[in-house]
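Structure record follows, encoded as structure tokens.
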Amino acid sequence: MASARADVQRAERIFGALLRVRPDRAFGHIGMATALLNAGRAGDAATRLSDARTSAGEDTDLVQAFLGLALQLDGRAGEAMRVLRPVAARGDNGSTADTTEGVRLAQRLLGQPAGIPGSTQQPGLSTSPS
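Just so you know, we're using our numbering here: the sequence shown kicks off at 667 and counts up by one.
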């Protein structure tokens with residue numbers, strides 16, 4: 667609720683407590699970033715997400731995909747592409763069964779069909795450097 671309403675102070679309390687208990691999980695990082703994004707603070711959200719240290723795999727994919735989104739919303743398309751491409755590429759292994767939510771989000775942000783192996787098109791973001 668705090669994230670959706672852009673209540674950054676309340677989100678800090680809620681997600682800060684969650685991060686103290688589970689700092690290696692994506693939920694707290696993404697919840698806080700969502701509050702910042704909803705408050706129009708995409709740059710702050712990107713900073714928070716780039717500092718996140720999550721466990722490898724699904725949590726990292728999701729944090730990186732949200733980082734790409736925050737960078738894109740902050741007008742940093744080149745940086746967003748550099749973050750999103752490797753995450754999206756992890757879905758190109760030929761199996762949709764182990765494609766994470768973060769991989770699917772990264773693929774959608776890049777304009778790729780989500781969860782479809784072998785897709786290399788990337789029309790979603792500008793290729794101009796930021």
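Beta carbons are placed, not taken as given, at the ideal position from N, Cα and C, and that holds for glycine.
So, at 6 Å on beta carbons, what are the nonlocal neighbours of L684 in its own chain, with the 5 sequence-adjacent residues on each side left out?
Here residue 684 is taken as the residue at index 18 of the sequence shown, counted from 1. Only G694 meet the Cβ criterion.
Would you mind reading off the limits of the alpha helix (DSSP H) that contains Q730?
Locating residue 730 in the sequence shown gives position 64, counting from the first residue. Element bounds for Q730: E724 to L739.
In whole angstroms, what separates the C-alpha of I696 from that of N704?
Here residue 696 refers to the residue found at position 30 of the sequence shown. Here residue 704 refers to the residue found at position 38 of the sequence shown. Rounded to whole angstroms, I696 to N704 spans 12 Å at the Cα level.
Could you tell me the alpha carbon to alpha carbon distance between R688 and T766, rounded to whole angstroms?
Along the sequence shown, read from residue 1 onward, the residue named residue 688 stands at position 22. Along the sequence shown, read from residue 1 onward, the residue named residue 766 stands at position 100. One C-alpha to the other measures close to 20 Å.
Using only alpha-carbon positions, find the residue among A780, L728, A692 and L775 that is nearest to G744.
The residue given as residue 744 occupies position 78 in the sequence shown. When only C-alpha atoms are compared, the closest one is L775.
Less than 8 Å separating the beta-carbons of G768 and A712?
Locating residue 768 in the sequence shown gives position 102, counting from the first residue. Locating residue 712 in the sequence shown gives position 46, counting from the first residue. Not in contact: G768 and A712 (Cβ atoms no closer than 8 Å).
Just mark A722 as buried or exposed, buried being the case when its beta carbon has 16 or more other beta carbons within 10 Å.
Your numbering for residue 722 matches position 56 in the sequence shown. Under this definition A722 is an exposed residue.
Around the Cβ of D740, are there at least 16 other Cβ atoms within 10 angstroms (buried) or fewer (exposed)?
Within the sequence shown, residue 740 is the residue found at index 74, counting from 1. So D740 ends up on the buried side.
Output needed for R686: all residues of its chain with C-beta closer than 8 Å, excluding positions within five of it in sequence on either side, in chain order.
Translated into positions along the sequence shown, residue 686 becomes position 20. Excluding positions up to five away in sequence, the list is empty.
Mark D717 as exposed unless 16 or more other C-beta atoms lie within 10 angstroms of its C-beta, in which case mark it buried.
Numbered from its first residue, the sequence shown carries residue 717 at position 51. Exposed is the call here.
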